[in-house]
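One structure below.
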Amino acid sequence: MTSQSSPPASIGLVQRAIVVLGGLIVLFLWVMFYYHNEQIHEERLTAEAAEHLNLAIIIAENLRQMADRAKAAGSIYSAERQQGGDVAERVSRLLAGDPVFNRLSVFDERGQQLFASHDGGLERLPPAWLERRQGTAGTTVDEPVIPLALNADRERWPFPNWRLPLLVPLAGSDGQSGQAMLVEMDIGYLVSLYHAIDLGQTGFIQLLDASGRERMRADSSGVILGGEALAPAPAHGGGAVYTSRAGSKLYQSACHSMPQHGFTVVISKQYGEILQSFRAGRARQLLFNGIMTLAVLVGVFWMVRMLRGQQAALHTLQQSQEENQRLIARLESEHERSSRAASTDHLSGLFNRRQFIEVASQKLVEQRSRRRRLLAVLFIDLDRFKSINDTLGHRIGDLLLQAVAGRITRLLEPGDEAARFGGDEFVVLLAGNRTEQQIIAWVDQLTQRLSARYQLEDSEVNTSPSIGISICPRDGGDVDSLGVP
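Here the sequence shown is numbered in my numbering, starting from 376 and rising by one per residue.
Below is the structure:
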């Protein structure tokens, strides 16, 4: 039974192994999908941030160079004024040779205008600009700075949106800082320098003053006026990358600050556009993973179903084999019963004449060829059996025959056989390892047993046996010569 039940059990184990393997494959696909996408997501943001930070550094460096040019213009103005030259002519030539500078104005230490290259400019510096020019701790600021945006509730911004002011400290006649030059730069010209830079549909450049207010915004199409306000850049003295928000839109911003000149350059771009190609690739990968997952699940389902079919077929075959085995066992049992019925006496259960002669012949051949031992055949008749049978009835006669057969059987040793030839005739074959004296002693014991009283239902019966003995090889070597009828 173990060998028959092991194939279905092994098929069930294979089914579980296939399901587990399929689950591990699907898990591996999705773990790799999320890991790969997370890695690409971070790499895409990092690469875009590095590109924008480099661009912010380049723009900030260009603005620093313009601040240096503005400082040089201030030095030229101071030198020309100290030498008593024609300041207006020198400034006019300076403006004509520099396309970025549109207007120059000079103010004294109280903020009062001393000189202007064009009419209609600012006549007096705001007090906040004077404070910025003097520094935060009473020290003199020597570098050009972008002035702070004015409070809209108190003062109006005095410049058009396409001009960017730059406040340049000037040295007085005594060598001490006092005067200041206000240089107005053309934002359009600055933006045109970066027109070829691809900032995408949502990317733009910002220029912030020291207070974090926007002084310029431009994208690939040019200057932007009135754009949405973003979260201010963090206070720092170099480059940084951070997340900013305008309404419901999230931007990745990279900034580079030059505190000595009072400005910060910020490059911002929406996360959606930065990750657009990544999301398209993720959608394709998601579709691929879905198809692969479906294929794995279909494959696992098909294999499990196939194995279940095989398991059912094996189970059916096993049932058929078990049924066949039961049928064979039943047939063998019936054959054994029929064989035993054909070879035994139905009343006593001992061998019949035909079976005894066959068994005795085999024992005689074995005794002669191998063992060389004595073998005895006993012929037993019951005295007065016919009288008992006629007087007490056939029922008591049959019970007496069964009782005699039982007493004979209980005295037999291994190798001995007994048979009933019919009526009250019994034959015993003594094939054990006995001497002639032992055979005679056994016969005496049998005579005593068979002569003892029999209690058969309500009757007591007495009988005695008449026993004839033939010994092989003394009296013969086969059943005929031993007198077996």
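From the three backbone atoms N, C-alpha and C, an ideal C-beta is built for every residue, glycine too. Model, not experiment: these values are computed from the prediction.
Count the other CB atoms within 10 Å of the CB of residue i; is the residue buried (16 or more) or exposed (fewer)?
i           : result
residue 881 : The first residue shown for the chain is 376 and the last is 860, placing residue 881 beyond what the model contains.
residue 677 : exposed
residue 673 : exposed
residue 403 : exposed
residue 663 : exposed
residue 522 : buried
residue 860 : exposed
residue 652 : exposed
residue 841 : exposed
residue 833 : exposed
residue 409 : exposed
residue 647 : exposed
residue 666 : exposed
Taking residue i as part of the beta strand (DSSP E), name the residues at either end of that continuous run.
i           : result
residue 836 : 834-836
residue 907 : No statement about residue 907 is possible, as the shown extent of the chain runs from 376 to 860 and does not include it.
residue 854 : Note, residue 854: premise wrong, no beta strand (DSSP E); not H, not E.
residue 795 : 792-797
residue 459 : It is not in any beta strand (DSSP E) - residue 459 carries neither H nor E in the DSSP assignment.
residue 642 : 638-645
residue 594 : 589-594
residue 831 : 829-831
residue 488 : 488-491
residue 618 : 614-621
From the DSSP output, in three-state form, read off residue i for me.
i           : result
residue 578 : coil
residue 748 : coil
residue 433 : helix
residue 693 : helix
residue 859 : coil
residue 627 : strand
residue 519 : coil
residue 771 : helix
residue 781 : helix
residue 502 : helix
residue 511 : Per-residue confidence for residue 511 stands at a pLDDT of 40, beneath the threshold of 50, marking its modelled position as unreliable; the derived number appears in the next sentence. Coil.
residue 908 : Residue 908 falls outside the range modelled here, since the chain spans only 376 to 860, and no answer is possible.
residue 585 : coil
residue 555 : strand
residue 597 : strand
residue 443 : helix
residue 789 : coil
residue 722 : coil
residue 485 : coil
residue 539 : strand
Would you call the CB atoms of residue i and residue j closer than 8 Å?
i           : j           : result
residue 804 : residue 738 : yes
residue 818 : residue 752 : no
residue 778 : residue 831 : yes
residue 773 : residue 722 : yes
residue 854 : residue 792 : no
residue 861 : residue 519 : As displayed, the chain neither begins before 376 nor continues past 860, which places residue 861 out of reach and without an answer.
residue 631 : residue 614 : yes
residue 427 : residue 629 : yes
residue 387 : residue 730 : no
residue 423 : residue 649 : yes
residue 564 : residue 580 : no
residue 705 : residue 848 : no
residue 829 : residue 767 : no
residue 466 : residue 492 : yes
residue 573 : residue 595 : yes
Which residue marks the beginning of the alpha helix (DSSP H) containing residue i, and which one marks its end?
i           : result
residue 477 : Not the alpha helix (DSSP H): residue 477 falls in the beta strand (DSSP E), residues 476-482.
residue 846 : Looking at the DSSP string, residue 846 is not in any alpha helix (DSSP H); the run it does join, the beta strand (DSSP E), is 840-847.
residue 762 : 760-767
residue 815 : 811-826
residue 730 : 728-741
Contact defined as beta carbons within less than 8 Å: I believe residue i pairs with residue j. What is the distance between those atoms, to the nearest angstrom?
i           : j           : result
residue 836 : residue 771 : 7 Å
residue 561 : residue 475 : 6 Å
residue 545 : residue 453 : 5 Å
residue 794 : residue 725 : 5 Å
residue 675 : residue 434 : Not really, about 58 Å apart at Cβ, beyond 8 Å.
residue 503 : residue 479 : So it is not a contact: roughly 21 Å between Cβ atoms.
residue 811 : residue 846 : 7 Å
residue 437 : residue 559 : The Cβ separation is near 17 Å, so there is no contact.
residue 555 : residue 482 : 5 Å
residue 430 : residue 599 : Not quite, the Cβ-Cβ distance comes to about 17 Å (not below 8 Å), so this is no contact.
Closer than 7 Å to a non-hydrogen atom of the ligand MN - does that hold for the CB of residue i?
i           : result
residue 583 : Ligands displayed in this structure: none; no statement on the ligand MN is therefore possible.
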